Amino acid sequence: MALILNLLRAEPCVFNAILEKLNFVDLMNFMVSTPATASYIFGWGAKVLISRSNANAWPGHVDFQDGQQVTRWHEVQWARNNAAGAPIPNPIPALPRPLPAQIVMTNLNSVNRPIEWLIRHGHYNILTDLHTNGLWDPLGYEYNGESYLAHAVYHSDRPLRIADLIISLATNNADWRYAIKPYEVNDVRGNGTGATNLALPLSLQLKPHGYELWRRYWNAVTGPNINAATAIPQRYRGELAELIDRAMAESLRDNPGGGLNLAFFNGATTTVWHFAGANYNMDFTEFLHYHTPGSIDQVETIAGLTPVEHCYNFDSDNVAFIPQLLRLGADPGTIPVPEVYLRDLPNPRDKFLHRVLDDIPNPTTPAKISDIVPPYVGEGGSLLHYIIVGLEIKLYALSRNDRFTAAQKRTRRRTLIKRAQRLIALVRKGNSNGAPNPATLDRHNRTALQLAQSHGYHELYYALEVNPAGLARRHRYNLR
Numbered sequence: 047m048a049l050i051l052n053l054l055r056a057e058p059c060v061f062n063a064i065l066e067k068l069n070f071v072d073l074m075n076f077m078v079s080t081p082a083t084a085s086y087i088f089g090w091g092a093k094v095l096i097s098r099s100n101a102n103a104w105p106g107h108v109d110f111q112d113g114q115q116v117t118r119w120h121e122v123q124w125a126r127n128n129a130a131g132a133p134i135p136n137p138i139p140a141l142p143r144p145l146p147a148q149i150v151m152t153n154l155n156s157v158n159r160p161i162e163w164l165i166r167h168g169h170y171n172i173l174t175d176l177h178t179n180g181l182w183d184p185l186g187y188e189y190n191g192e193s194y195l196a197h198a199v200y201h202s203d204r205p206l207r208i209a210d211l212i213i214s215l216a217t218n219n220a221d222w223r224y225a226i227k228p229y230e231v232n233d234v235r236g237n238g239t240g241a242t243n244l245a246l247p248l249s250l251q252l253k254p255h256g257y258e259l260w261r262r263y264w265n266a267v268t269g270p271n272i273n274a275a276t277a278i279p280q281r282y283r284g285e286l287a288e289l290i291d292r293a294m295a296e297s298l299r300d301n302p303g304g305g306l307n308l309a310f311f312n313g314a315t316t317t318v319w320h321f322a323g324a325n326y327n328m329d330f331t332e333f334l335h336y337h338t339p340g341s342i343d344q345v346e347t348i349a350g351l352t353p354v355e356h357c358y359n360f361d362s363d364n365v366a367f368i369p370q371l372l373r374l375g376a377d378p379g380t381i382p383v384p385e386v387y388l389r390d391l392p393n394p395r396d397k398f399l400h401r402v403l404d405d406i407p408n409p410t411t412p413a414k415i416s417d418i419v420p421p422y423v424g425e426g427g428s429l430l431h432y433i434i435v436g437l438e439i440k441l442y443a444l445s446r447n448d449r450f451t452a453a454q455k456r457t458r459r460r461t462l463i464k465r466a467q468r469l470i471a472l473v474r475k476g477n478s479n480g481a482p483n484p485a486t487l488d489r490h491n492r493t494a495l496q497l498a499q500s501h502g503y504h505e506l507y508y509a510l511e512v513n514p515a516g517l518a519r520r521h522r523y524n525l526r
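If you're matching positions, the sequence shown starts at 47 in my numbering and goes up one per residue.
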């Protein structure tokens with residue numbers, strides 16, 4: 047690296063002569079391997095007079111500011127390609143709209159596109175340097191009619207990192223105009239959706255982390271210049287309903303430039319409540335219930351399932367969703383309410399839980415236990431099995447949550463296990479119909495105790511014994 051930098055400083059002509067002999071890919075790899083020279087190499091490749099003899103550079107590179115500039119470039123480039131070295135006609139002949147795909151492809155193949163290459167391969171640091179040195183405008187469009195943000199989202203090896211860079215630069219400039227620009231030029235792409243740059247972080251390619259990008263972007267541009275309903279097209283509202291919390295939903299609804307109330311959004315076959323089944327922010331269901339309380343039991347048009355039934359039948363791992371909707375007054379339909387409710391490990395003081403437990407027969411008949419997360423825990427058994435299933439789901443989700451430190455995870459694990467202990471004690475008390483039998487087997491011939499043992503939940507062993515009162519002291523566990 048030091049040798050190359052010394053050569054560049056002492057003998058720039060020799061350095062340029064070396065660059066002249068490299069093809070496009072070699073030039074790009076040279077930039078990557080010697081990032082301190084990247085801005086120089088990029089600037090060299092863009093200067094027509096220096097690099098005109100090298101067809102593998104990028105003379106006259108342009109960051110287009112709008113769709114008209116991209117379309118005009120394609121018309122000029124097509125005329126230049128057809129002229130084959132002769133003077134291009136004046137005026138330039140207009141091409142049909144949208145531009146024929148073959149013409150667009152021919153034009154793209156006739157030029158090198160270094161920014162596109164850097165974005166595709168995820169070279170965040172080099173792109174940052176190019177922008178700092180005034181060599182790249184990240185808020186522009188590519189030759190192919192995509193915004194650089196769209197190219198990052200759909201084609202980059204590191205989409206989240208590059209998208210974060212571009213959005214950070216956009217918000218630092220307080221550039222609300224970029225947010226509402228279409229992310230692709232219809233006349234060039236031919237299949238433009240009209241979707242905006244603001245909606246791009248909600249694309250499936252960035253899910254779920256893209257929501258945080260979108261949230262930051264929205265908070266930076268919200269105001270009288272943005273109409274939320276037009277900036278976030280219909281096709282992205284389902285993804286938003288799966289991720290948004292109540293505060294952000296209210297921000298969308300109350301936006302001064304025009305609001306978007308997600309409570310009134312419906313997909314092609316499902317309601318917003320069905321989308322919310324994947325949303326772990328339970329306060330969003332409260333937002334929906336406040337605005338459209340009568341829609342909580344609307345069915346989707348394919349299988350005729352309510353949101354509660356849909357979530358249950360498709361084994362959603364969002365175990366809090368069904369209990370939350372039941373609290374809000376949803377019709378449970380045919381789902382086994384006690385089992386589903388216990389799987390969420392509710393607060394033992396929950397009034398709804400006590401109402402449910404007071405009404406059920408004991409022992410319960412075998413019913414489906416979700417097996418949606420490894421290790422798969424099987425089916426059937428008593429309500430005691432469901433508490434263990436719920437604990438396993440909660441602990442699995444906790445282990446994958448990178449927002450907590452190791453110490454915080456240990457504390458939360460202890461809290462969840464104590465809650466499971468209290469629920470087991472509550473369920474074992476039974477009701478006027480009797481009590482669940484701890485000897486009941488699931489469909490894998492395991493008692494609730496054996497299921498707990500298979501997961502190593504030794505803190506639960508005593509509470510799940512068939513006859514804990516008769517245990518010797520050495521087999522009892524301190525549950526304090």
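Note that CB positions come from ideal geometry on N, CA and C, so glycine has one too. Small disclaimer: the values here were computed from a predicted structure and weren't measured.
Figure out for me which residue from the options has the closest Cα to the Cα of residue i.
i, options, result
"Asn483", "Tyr508, Ala324, Leu429, Ala293", "Leu429"
"Trp264", "Pro254, Tyr224, Leu250, Gly236", "Tyr224"
"Asp210", "Ala129, Arg235, Leu244, Arg299", "Leu244"
"Pro259", "Leu206, Pro353, Ala84", "Checking the sequence shown, residue 259 turns out to be Leu, not Pro. Of Leu206, Pro353, Ala84, the residue nearest in Cα terms is Leu206."
"Leu497", "Asp404, Thr242, Gly426", "Gly426"
"Thr242", "Val234, Gly236, Gln251, Trp222", "Trp222"
"Asp329", "Arg281, Ile290, Asn301", "Ile290"
"Ile439", "Phe398, Glu511, Ala366, Ile381", "Ala366"
"Asn171", "Lys227, Ala82, Asn364, Pro302", "Ala82"
"Ile368", "Arg235, Tyr336, Phe321", "Phe321"
"Val473", "Asp448, Ala376, Arg401", "Arg401"
"Pro142", "Gly236, Cys357, Ala103, Leu399", "Gly236"
"His276", "Phe450, Lys227, His431, Arg449", "In the sequence under discussion, the amino acid at residue 276 is Thr, which differs from the His named in the question. Among Phe450, Lys227, His431, Arg449, the Cα nearest to that of Thr276 belongs to Lys227."
"Leu391", "Asp404, Leu437, Phe398", "Leu437"
"Ala216", "Asp233, Arg204, Val234, Leu185", "Leu185"
"Pro144", "Asn136, Ala471, Tyr282, His120", "His120"
"Ile87", "Gln467, Asp109, Ile64", "Ile64"
"Asn301", "Leu374, Leu176, Ile278", "Ile278"
Please report the distance separating the alpha-carbon of residue i from that of residue j.
i, j, result
"Asp396", "Leu469", "11 angstroms"
"Asn393", "Gln111", "55 angstroms"
"Ala92", "Gly106", "5 angstroms"
"Arg456", "Gly476", "31 angstroms"
"Ala349", "Phe333", "26 angstroms"
"Asn158", "Thr268", "37 angstroms"
"Arg114", "Gln344", "Inspection of the sequence shows that residue 114 is occupied by Gln rather than by Arg. Computed Cα separation, rounded: 45 angstroms."
"Pro421", "Asn69", "Because the pLDDT of Pro421 is 31, which lies under 50, any placement of that residue in the model is unreliable, and the number read from its coordinates should be weighed accordingly. Going by the C-alpha atoms only, they are around 52 angstroms apart."
"Asn359", "Ala293", "30 angstroms"
"Ala485", "Ala494", "8 angstroms"
"Thr20", "Leu462", "A question about residue 20 goes unanswered here, because the residues of the chain that appear run from 47 up to 526."
"Asp183", "Pro133", "31 angstroms"
"His197", "Ile161", "10 angstroms"
"Met151", "Tyr189", "10 angstroms"
"Ile208", "Arg262", "15 angstroms"
"Met77", "Cys59", "18 angstroms"
"Ile433", "Asp404", "17 angstroms"
"His501", "Tyr442", "11 angstroms"
"Arg299", "Asn218", "25 angstroms"
"Leu15", "Asn364", "Here the chain covers residues 47 to 526 and nothing more, so residue 15 does not appear."
"Ala481", "Thr451", "40 angstroms"
Starting from residue i, follow its DSSP beta bridges and name the residues at the other end.
i, result
"Asn312", "Thr317"
"Ile288", "The sequence given here has Glu at residue 288, not Ile. For Glu288, which the question treats as bridged, DSSP gives no partner whatsoever."
"Phe110", "Tyr187"
"Gly426", "Asp488"
"Glu192", "Glu230"
"Thr242", "Pro228"
Please state whether the Cβ-Cβ distance between residue i and residue j is less than 7 angstroms.
i, j, result
"Gly379", "Glu355", "yes"
"Val435", "Arg489", "no"
"Thr347", "Thr315", "yes"
"Asn155", "Trp124", "no"
"Pro318", "Leu246", "Rather than Pro, the amino acid found at residue 318 in this sequence is Val. Cβ atoms of Val318 and Leu246: not closer than 7 angstroms."
"Tyr194", "Ile212", "yes"
"Thr284", "Gly313", "Just to set this straight, residue 284 is Gly in the shown sequence, not Thr. Yes, the Cβ-Cβ distance between Gly284 and Gly313 is below 7 angstroms."
"Gly191", "Val231", "yes"
"Leu308", "Ala287", "yes"
"Ser202", "Gly168", "yes"
"Asn273", "Gly304", "yes"
"Thr331", "Gln280", "no"
"Ala295", "Ile342", "no"
Following a CB-centred definition, is residue i positioned closer than 6 angstroms to any heavy atom of the ligand MG?
i, result
"Glu258", "Looking at this structure, you won't find the ligand MG or any other ligand, since it has none at all."
Note down, one range per segment and in chain order, each alpha helix (DSSP H) of at least 4 residues found wholly within the stretch 449 to 489. Taking only runs of at least 4 residues, the alpha helix (DSSP H) segments lying wholly in the stretch 449 to 489 are 452 to 475.
Let me know the alpha helix (DSSP H) ranges lying completely inside the stretch 313 to 362, each 4 residues or longer, listed in chain order. As far as the stretch 313 to 362 is concerned, its whole alpha helix (DSSP H) runs of at least 4 residues are 318 to 322, 328 to 337, 353 to 359.
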